[in-house]
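Scroll down for the structure; my scribbles are underneath it.
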Amino acid sequence: MTGESLYPRLEPLLAQVQKPIQYVGGELNAQVKPWDDVAVHWALMYPDAYEVGLPNQGLMILYEVLNERPDALAERTYAVWPDLAALMREHGVGQFTVDAHRAVRDFDLLGVSFATELGYTNLLEALDLAGVPLHSVDRDESHPVVVAGGHAAFNPEPVADFVDCAVLGDGEQVVGDITDVVAAWKQQGRPGGRVELLARLTRVDGVYVPRFYAVTYTGDGAIAEVLRTRDDVPARVGKRTVMDLDEWPYPKQPLVPLAESVHERMSVEIFRGCTRGCRFCQAGMITRPVRERTITGIGSMVEQGLKATGYEEVGLLSLSSADHSEIGQIAKELADRYEGTNTGLSLPSTRVDAFNVTLANELSRNGRRSGLTFAPEGGSERIRRVINKTVSKEDLVRTVTTAYANGWTQVKLYFMCGLPTETDEDVLEIADLAVEVIRAGREASGRKDIRCTVSIGGFVPKPHTPFQWAGQASADTIDSRLKLLREAINSDRRIGRSIGLRYHDGKPGVIEGLLSRGDRRVGRVIERVWRDGGHFDGWSEHFSFDRWTTAAAEELAPFGVDLDWFTTRERTEDEVLPWDHLDSGLDKEWLWEDWQEAISEEEVGDCRWTGCYDCGVCPTMGTEIQIGPTGRSLLPLTVVGR
Amino acid sequence: MARQPDGPPPPPTVQRLRLRYTKRGPLRFASHRDLARALERALRRAQVPMAYSAGFSPHPKISYIGAAPTGAASEAEYVEIGLAERRDPEAVRAALDVSLPPGIDVVECVEAVEGSGSLADRMEATRWRVDLAGIEPEALVAAVEAFLAQEAVLVAKRTKNGTKDVDARAAVVRARVSGEAGCAILHMVVRQLTPTVRPDDVMAALAAVADLRPPTPPRAVREAQGRLDDSGDVADPLGPDRAVRSCCQEGRAQV
Numbered sequence: 012m013t014g015e016s017l018y019p020r021l022e023p024l025l026a027q028v029q030k031p032i033q034y035v036g037g038e039l040n041a042q043v044k045p046w047d048d049v050a051v052h053w054a055l056m057y058p059d060a061y062e063v064g065l066p067n068q069g070l071m072i073l074y075e076v077l078n079e080r081p082d083a084l085a086e087r088t089y090a091v092w093p094d095l096a097a098l099m100r101e102h103g104v105g106q107f108t109v110d111a112h113r114a115v116r117d118f119d120l121l122g123v124s125f126a127t128e129l130g131y132t133n134l135l136e137a138l139d140l141a142g143v144p145l146h147s148v149d150r151d152e153s154h155p156v157v158v159a160g161g162h163a164a165f166n167p168e169p170v171a172d173f174v175d176c177a178v179l180g181d182g183e184q185v186v187g188d189i190t191d192v193v194a195a196w197k198q199q200g201r202p203g204g205r206v207e208l209l210a211r212l213t214r215v216d217g218v219y220v221p222r223f224y225a226v227t228y229t230g231d232g233a234i235a236e237v238l239r240t241r242d243d244v245p246a247r248v249g250k251r252t253v254m255d256l257d258e259w260p261y262p263k264q265p266l267v268p269l270a271e272s273v274h275e276r277m278s279v280e281i282f283r284g285c286t287r288g289c290r291f292c293q294a295g296m297i298t299r300p301v302r303e304r305t306i307t308g309i310g311s312m313v314e315q316g317l318k319a320t321g322y323e324e325v326g327l328l329s330l331s332s333a334d335h336s337e338i339g340q341i342a343k344e345l346a347d348r349y350e351g352t353n354t355g356l357s358l359p360s361t362r363v364d365a366f367n368v369t370l371a372n373e374l375s376r377n378g379r380r381s382g383l384t385f386a387p388e389g390g391s392e393r394i395r396r397v398i399n400k401t402v403s404k405e406d407l408v409r410t411v412t413t414a415y416a417n418g419w420t421q422v423k424l425y426f427m428c429g430l431p432t433e434t435d436e437d438v439l440e441i442a443d444l445a446v447e448v449i450r451a452g453r454e455a456s457g458r459k460d461i462r463c464t465v466s467i468g469g470f471v472p473k474p475h476t477p478f479q480w481a482g483q484a485s486a487d488t489i490d491s492r493l494k495l496l497r498e499a500i501n502s503d504r505r506i507g508r509s510i511g512l513r514y515h516d517g518k519p520g521v522i523e524g525l526l527s528r529g530d531r532r533v534g535r536v537i538e539r540v541w542r543d544g545g546h547f548d549g550w551s552e553h554f555s556f557d558r559w560t561t562a563a564a565e566e567l568a569p570f571g572v573d574l575d576w577f578t579t580r581e582r583t584e585d586e587v588l589p590w591d592h593l594d595s596g597l598d599k600e601w602l603w604e605d606w607q608e609a610i611s612e613e614e615v616g617d618c619r620w621t622g623c624y625d626c627g628v629c630p631t632m633g634t635e636i637q638i639g640p641t642g643r644s645l646l647p648l649t650v651v652g653r
Numbered sequence: 717m718a719r720q721p722d723g724p725p726p727p728p729t730v731q732r733l734r735l736r737y738t739k740r741g742p743l744r745f746a747s748h749r750d751l752a753r754a755l756e757r758a759l760r761r762a763q764v765p766m767a768y769s770a771g772f773s774p775h776p777k778i779s780y781i782g783a784a785p786t787g788a789a790s791e792a793e794y795v796e797i798g799l800a801e802r803r804d805p806e807a808v809r810a811a812l813d814v815s816l817p818p819g820i821d822v823v824e825c826v827e828a829v830e831g832s833g834s835l836a837d838r839m840e841a842t843r844w845r846v847d848l849a850g851i852e853p854e855a856l857v858a859a860v861e862a863f864l865a866q867e868a869v870l871v872a873k874r875t876k877n878g879t880k881d882v883d884a885r886a887a888v889v890r891a892r893v894s895g896e897a898g899c900a901i902l903h904m905v906v907r908q909l910t911p912t913v914r915p916d917d918v919m920a921a922l923a924a925v926a927d928l929r930p931p932t933p934p935r936a937v938r939e940a941q942g943r944l945d946d947s948g949d950v951a952d953p954l955g956p957d958r959a960v961r962s963c964c965q966e967g968r969a970q971v
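So the protein sequences, as listed, match chains P and V.
Just so you know, this note's numbering puts 393 at position 382 of the first sequence, and the rest follows in order with no gaps.
Just so you know, this note's numbering puts 929 at position 213 of the second sequence, and the rest follows in order with no gaps.
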């Protein structure tokens, strides 16, 4: 009997764990469909804690898209915390979905969305708890097909042994295609077993089945070649791209949890893709081209979503929201619509641009005016040219000062440390900048209580970016630069006390680097770490650097490579990269040229405004830029929620 | 010097409504904070014209009263809300009930009578029902008798500042046992003291005095809370508000 609820057996365990509400489901707008009414059953997993996974837009979209199909159902599952995992093992309760508490083991497919590589150990934990063999080759027809998606799936090689397939690019359409293939195969009586099903899935655009590709290595440890083991699978797998976002207004019914989550607001994606060309940004590189949702499409999603959720805040989401061609009008007209309703609107991601302060003022008209965030990313003008995020120091200070002058008292500035070609001086300029911002801000606002928080992350080079060849800065390098920066900020207490510094040590970044640019050999390290008790690697209280370095040293030694080989080593132009057979549309030669231009501090424009510079995506994928302005506008709503 | 937000102050409260709601089924695992979040969002979805506090961060006027602990079910949770426009209490109850997840059911809504005192002050005690699977009623009877015979039974309670001993015995007004073979049921009226004595604390006391240790976690339901009446039972806390209106209101909800 499959599809049965595990809840009666789970419930007594929930009385013994922390925050049990995260495991009971029943969120507003959650759906439970009868098991036997549909042909194809999807379990969708976000491989982190519920509070992080629930707000994930990607998972929410796929959940709704799949449940709209009459022949499919989708339920959600998240990483369970160690306290419950131990009880589940003790009492023989398997990994379950939160919707109907069905065993993940019973589903046809387990889709896992990897926003970050640090979720890999949680996949192994979930598979083990579910009673699904860890390795793809050990599974039979009765086991779910494990599908990896999300940005990290653009290099799924480190988890190639554990997943059955990886999906590249936008998920809205491809999940339907996969559902069709599985439904037909089941309806025909599962001909050819699991291998035949996987072979059929390779005919779906965007689906990569690692087991049909063999990797060989050269004597020095590099990849010699990646070859197909069957003639009927594609030599290169290309990503999927959804065109016309207005046709995909998901989530229409955003999930609202009872439990607290990391984003206590609803989000509307106002465009997808980004062509600003920031060289560190994998998201911007792999999601090209820019496809805008229209102002009217956004207006109706905000309206429907607020009605469906009761949230007090709407985030207008994208990789660089102020770049929407009609953002000024969107901000003003949405604020007009929700005047007097205590509804807040926010732009979660903004570039350093005075225009963004105007936007933020507009958006905060009805809600709370808390903090503003800007992301200069690099401390010096020189390093900002390297990463192609050009903004002059004067503009930066002027923008932040404008924010203070407009009544914002908290400004957060995001930076990265460990960028290619970076020196101590580049990082120390962050301190100068922060000091100047506070000085100018105090003067402009006439207030002493303004604050500036400098938040710094270690840079991790990612596949499918111009920095994919770069040597990653070591943890020691990062830590010593952050130490210098902290001393510089604290050197003048009168100013320094208005500056907050938030950073993490460089160690987790090194492991993220290993997993980001790793190849199939890294799978052994992941498995070893999980076997030694590793999971929740995105959480500092669970992450163990020593466990990772020990596992890496021992598991990689037989191959003649090590942690440094994967992280701090700079790659050469002719090296075969583990993800070369996976096609984001970016021309590898263009990426290399962009890498060379980065080193020589040359900038590149944005193809929305300066013309095409042949990155390769549109012609390869058959896509095009979709931007406004549409010339439409948002009419006032006749009935507005009070 | 505190800055003042621009614009006129928010409209004042013109009506206060007192609601009783439940925490049933899986929703017993909701914490007080979870319920508060759910209720605030439901009020917005239900378009209840809430009164808001003034200031830069306006909050809807909601007073929560004595929430049952996480993991305990309840038939008697209470909240008071302030409205900026008058509404029919029953219409608010129905709209809010539809907007909340199944298991959080709004079962009563009455208008607060001015001068009838605060709702929180009426919450003197809770009537609990605790199901103990795997425990025979006779065993529970013996344990409860041993417990009631004590002057005081101190149990260690986790608080924000480490552990603290509380007297579980002092809080228990009365206790009685029912049930069937294999599942004893404890019925008790527990006084609301500070720090609160919860069913878990009473279970810890029963373990201490009679070594009663259920094989699975007990399931507690708060059946009622309110003023302690002369018979040692719990009175309807909305009674004083209802009494004034009962002459003109038909078919009031059952308690």
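A virtual CB, placed ideally from N, CA and C, is assigned to each residue, including glycine.
All figures in this text were calculated on a predicted structure; none of them were measured in a lab.
Between the segment 417 to 429 of chain P and the segment 445 to 460 of chain P, the count of Cβ pairs shorter than 8 Å is three or higher; the stretches touch.
For V:Pro774, the three-state secondary structure derived from DSSP is coil. Annotation for P:Gly524: the continuous alpha helix (DSSP H) segment containing it runs 518 to 527.
CA-to-CA, the gap between V:Leu928 and V:Leu848 works out to about 10 Å. P:Tyr89 carries a strand assignment under DSSP once its states are collapsed to helix, strand and coil. Per the C-alpha coordinates, the member of P:Ser375, P:Cys292, P:Asp255 positioned closest to P:Gln479 is P:Cys292. P:Met277 is bridged by DSSP to P:Val325. Nearest to P:Gly418 by C-alpha distance, out of P:Arg376, P:Leu407, P:Arg396, is P:Arg376.
A direct Cα-to-Cα measurement between P:Leu374 and P:Val368 gives close to 10 Å.
P:Val104 is positioned such that its CB atom lies no closer than 8 Å to that of P:Ala141. The Cβ atoms of P:Pro155 and P:Ala54 lie closer than 8 Å to each other.
Looking at the DSSP output, P:His335 bridges to nothing. Going by DSSP, V:Ser832 is part of no alpha helix (DSSP H) at all; its letter is neither H nor E.
Judged by DSSP secondary structure, P:Gln315 falls within the alpha helix (DSSP H) whose first and last residues are 306 to 320.
For P:Leu317, the closest C-alpha among the options P:Ala294, P:Leu39, P:Ile467, P:Ala210 is that of P:Leu39.
Against chain V, a Cβ distance below 8 Å from P:Glu271 picks out Arg749, Asp750, Arg753.
A direct Cα-to-Cα measurement between P:Pro167 and P:Val158 gives close to 10 Å.
Cβ-Cβ distances below 8 Å link P:Leu98 to Leu24, Gln27, Val28, Val104 in the same chain, with the five nearest sequence neighbours on each side left out; the list follows chain order. P:Trp620 counts as exposed, since fewer than 16 other beta carbons sit within 10 angstroms of its beta carbon. Runs of beta strand (DSSP E) with 3 or more residues, each lying fully within the segment 757 to 831 of chain V, are found at 778 to 781, 789 to 799, 822 to 827, listed in chain order.
Our two residues, P:Glu62 and V:Gly833, have alpha carbons roughly 39 Å apart in a direct line. DSSP places P:Leu134 in the uninterrupted alpha helix (DSSP H) bounded by 131 to 141.
Among the residues facing chain P, V:Tyr768 is included, as its CB has a counterpart in that chain under 8 Å away. With respect to the C-alpha of P:Trp603, the residue from P:Leu593, P:Thr561, P:Leu588 having the closest C-alpha is P:Leu588. By the neighbour-count criterion, in which a residue is buried when 16 or more other Cβ atoms sit within 10 angstroms of its Cβ, V:Lys739 is buried.
Under the 8 Å criterion on CB atoms, V:Arg757 is classed as interfacial with respect to chain P. In the DSSP annotation of this structure, P:Arg239 is not part of any alpha helix (DSSP H); the continuous beta strand (DSSP E) holding it starts and ends at 234 to 239. Between the beta-carbon of P:Ile297 and that of P:His475 there is about 5 Å, and that keeps the pair under the 8 Å contact cut. The segment 502 to 513 of chain P and the segment 587 to 601 of chain P do not touch, with fewer than three beta-carbon pairs separated by less than 8 Å. The alpha-carbon of P:Asn67 is positioned some 28 Å away from that of P:His592.
Under the Cβ criterion of 8 Å, V:Ala746 is counted among the residues facing chain P. No Cβ of chain V is located within less than 8 Å of the beta carbon of P:Gly452.
Note: P:Glu388 is bridge-paired with P:Phe426 in the DSSP secondary-structure output. Any Cβ of chain P closer than 8 Å to the Cβ of V:Thr910 would place that residue at the interface, and such an atom is absent. As the crow flies, the alpha-carbon of V:Ala792 is around 54 Å from that of P:Leu525. Taken in chain order, the members of the segment 794 to 826 of chain V whose beta-carbon sits within less than 9 Å of a beta-carbon on chain P are Ala800, Glu801, Ser815, Leu816, Pro817, Pro818, Gly819, Ile820.
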